[in-house]
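Below is one structure, written out as C-alpha cells; comments come after it.
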Amino acid sequence: MVNFVKNNNYSKDWKRITICGGGNGAHALMALLAENSNCQLTLYLPLEQEFQHFEAVKNRRIPFRLIFKDKEFSVTMNRLHITSNPKEAAADLIILVVPAFTHEDILNALAPYLRSGTVLAALPARGGFEFQAVEILRQHKKEEVVIAGFQTLPWACRIKEYAKCVEIYGQKKRVGVASLPCHHVDSISMAFNKFLKLEFLPYNNMLELTLNNQGQIIHPGIMYGAFSDKLSRFYRRDEVPLFYRSVDENSAGLLEAMSQEILKVKKIIEDNSSLKLEGVISTSQWMVESYAEDIKDKSTLSKMFRTNLSYQTLRVPVKPVDGLYQIDVKSRYLTEDIPYGLLVSKAIAELADVPTPTIDEVIQRASKWVGVQYLINGKLKGKDLVKTRIPQNFGLKSLKAITEMVTKDHPY
Ligand code: NAI
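Note that UniProt numbering has the sequence shown beginning at 1, numbered continuously upward.
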C-alpha cells in the first residue's frame, strides 16, 4: 500500500529548488528566485549547448543583469548550481519553465530521480499537463510526488544576452495555481507569493487550469484573426507588425467567441458533477484581473490588448527569408498552444458534447499552415492527435474519468 504524504505545508521544508530550462522564462525565474529565496538553486539545462554557455559565463564570474520595467538590477548567482545531469536536478521543488512540447522528455528524464514529497511544477502548465505527468509518474512508480501547475507565466520577458541578461517587460498581477492532490495548493501558492512577490490564486483543481489556459485562446486566436491574410508577406525587420497591437475589433470578437465556447464546457461540467470551476473565466475578465492598471483602456477587448503596457513591444513571430522576414507559422503560438492547449479543451468539449465551431475553425486553419492534421470535419480523428495532450490519449475517455482523476487524493 502506498503511504502518501499528507503534509499540508510542503513549502516550509523547501531547501533545494531546481529550475528546468534555459529560455526566457527560466532566465527571469532564476533571477527572481536568486534575489528572493534562501534556497539552494539548481539550473537544469537538458540541452548541452545551453549548459556549456551558462558554465562559461559562470566561470568568468560575469554578473547577471535583470531589467525590470526599465530599471536594471545586478543579481548575485553565487549559489547557483548548473547541471545537464537529471540526477543532480532532484530537489524539494522542481519547476519546469519550458514550452509544453518539451515536458514529456523532461519528465521522463527526471522521473527516476524524483524523491518522495517533491513538488513537480510546470510554469506555465498549458493544457493537460496533469494527464501527462500522472501517466509518467505512474510508469515510474513515483506515487508520492505532488504535481503543480500555473495558469500562465507571470511575465512577458525576453533574454537580452544569453546567460547574462533578461528583460521583464511586464508582470501579471495574479496567476492561478493548482495541484494534484488538490489539498497542497494553498501552501504552494503561499510559497510562490513570497518568492515572486505577486499574487498566486489557488484553484480548486488542475482541470480549472487546463480550461482557463488563456494562451490557448489568445495566441492561436490572434495568429488566425489578425494575421491570416499576412502570411505570404515579407517584412523588413522594423516593419514586422506588433502582435498584440494588431488585435482589431474583429479579431477580438473571434477571441471572445472562442472564450464563450470554453465557458459553455465549464457550465456543462459544473452542471453534471460536483467539480468547482469558478477559476475558468472569460478572456476579457482574465485580462482585467491579470493586468489591472497596466491596461489604459478597458472599454473593449481589442482596446485592452492595444493599450496593455506589457504588450507594447512584442512582435508577431517571424523567420528570416532572403534577407527579409516572414510570419513563422511554426512558432510556439501554434505548435505549443494548439496541441498542448486549444486541442485539449476541444477534446474535453467533445466529451461534454459541447459544439465548438469557432475553436474548430481556428484549429483546422492553423493545422493546415503547420502541416498537421488534428480534426476531420470537426471531429478528433486526425492522424497527428497521437502527439497531443488530449485526455483520450491517456485513457481518459469520459468527463467522469477526468473529474475523478483531478479530485482524487491519490491519482496514481
Ligand atoms: P523559450 O522558447 O525561451 O524556452 C525554450 C527553452 O526550452 C530552451 O531554452 C530549452 O532550455 C528548453 N528546451 C527547448 N527544447 C528542448 C528540448 N527538446 N528538450 C529539453 N529542453 C528543451 O520559452 P519561454 O519564453 O521561456 O516560455 C516558456 C513557457 O512560458 C512557454 O510555455 C511559453 O508559451 C510561456 N510563456 C512565455 C512568455 C514570455 O514572455 N516568454 C509569456 C507567456 C507565456
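All C-beta atoms in this analysis are idealised placements derived from N, C-alpha and C, irrespective of residue type, glycine included. All values derive from a computational prediction rather than experimental measurement.
Asked                                                                                                                                                                    : Found
Beta carbon of Pro46: closer than 6 angstroms to some heavy atom of ligand 1?                                                                                            : yes
Starting from Tyr169, trace the beta strand (DSSP E) both ways and give me its first and last residue.                                                                   : Cys165 to Gln171
What's the C-alpha gap between Phe4 and His184?                                                                                                                          : At Phe4 the pLDDT is 32, less than 50, meaning the model places this residue with poor confidence; the figure from the coordinates comes in the next sentence. For Phe4 and His184, the distance between alpha carbons rounds to 12 angstroms.
What separation, rounded to the nearest whole angstrom, lies between the Cα atoms of Ser331 and Gly221?                                                                  : 14 angstroms
Beta-carbon separation of residue 452 and Asp294 under 7 angstroms?                                                                                                      : Residue numbering for the chain in the displayed model covers 1 to 412; residue 452 lies beyond these limits and cannot be assessed.
Which partner residues does Phe64 have in the DSSP bridge list?                                                                                                          : Val75
Starting from Ala148, trace the beta strand (DSSP E) in both directions and tell me its first and last residue.                                                          : Val146 to Phe150
Can the beta-carbon of Val247 be found less than 7 angstroms from the beta-carbon of Arg315?                                                                             : no
Here's a check: name, in chain order, each residue in its chain whose Cβ is nearer than 6 angstroms to the Cβ of Arg245, leaving out the five neighbours to either side. : Arg306
Take Leu114 and list the residues in its own chain whose beta-carbon comes closer than 6 angstroms to its own, dropping the five residues that flank it on each side.    : Lys142 and Val145
List the residues that DSSP assigns as beta-bridge partners of Gln326.                                                                                                   : Lys319
What is the DSSP secondary structure of Lys264, counted as helix, strand or coil?                                                                                        : helix
For Pro202, name the three-state secondary structure that DSSP assigns.                                                                                                  : strand
If you draw a straight line from the C-alpha of Met223 to the C-alpha of Leu255, how long is it?                                                                         : 11 angstroms
Taking only heavy atoms of ligand 1 into account, decide whether any of them is closer than 6 angstroms to the Cβ of Asn24.                                              : yes
So, with DSSP's three-state summary, where would you put Glu14?                                                                                                          : Glu is not the amino acid found at residue 14; the sequence shown has Trp there. In this structure, Trp14 counts as coil in the three-state DSSP scheme.
Taking the continuous alpha helix (DSSP H) assigned at Val175, which residues delimit it?                                                                                : It is not in any alpha helix (DSSP H) - Val175 instead sits in the beta strand (DSSP E) that spans Arg174 to Leu180.
Taking only three categories from DSSP, how would you classify Thr403?                                                                                                   : helix
Which whole runs of the alpha helix (DSSP H) in the region 284–371 are 4 residues long or more, in chain order?                                                          : 301–306, 332–335, 343–351 and 357–370
Which residue marks the beginning of the alpha helix (DSSP H) containing Arg138, and which one marks its end?                                                            : Phe129 to Gln139
CB of Cys165 to nearest heavy atom of ligand 1: below 6 angstroms?                                                                                                       : no
With DSSP run on the structure shown, which of helix, strand or coil describes Ala191?                                                                                   : helix
Where DSSP assigns a beta bridge to His183, which residues make up the other side?                                                                                       : Answer is none; His183 lacks a bridge partner.
Give me the Cβ distance between Leu80 and Phe195, rounded to the nearest whole Å; I'm assuming they're in contact under 8 angstroms.                                     : Going by Cβ atoms, the distance from Leu80 to Phe195 rounds to 15 angstroms, so no, they are not a contact pair.
Is Cys39 a contact residue of ligand 1, with contact defined as CB to any heavy atom under 6 angstroms?                                                                  : no
Given a cut-off of 7 angstroms, decide if Cys157 and Ala28 are closer than it, judged by their beta-carbon atoms.                                                        : yes
Quick check on this structure: which residue in Asn36, Pro86, Lys408 and Leu342 has the alpha carbon closest to the alpha carbon of Gly215?                              : Leu342
If you drop the 5 nearest sequence neighbours on each side, which residues of the same chain put their C-beta closer than 6 angstroms to that of Lys346?                 : Thr356 and Ile359
How would you label Asn213, buried or exposed, when you count the other beta carbons within 10 angstroms and need 16 or more for buried?                                 : buried
For a test of your reading of the model: does the CB of Asp105 fall under 6 angstroms from any non-hydrogen atom of ligand 1? Yes or no.                                 : yes
Are there three or more Cβ pairs, one per stretch, closer than 8 angstroms when the region 10–24 is compared with the region 90–103?                                     : yes
Ligand 1 and Cys182: does any heavy atom of the ligand fall closer than 6 angstroms to the residue's C-beta?                                                             : no
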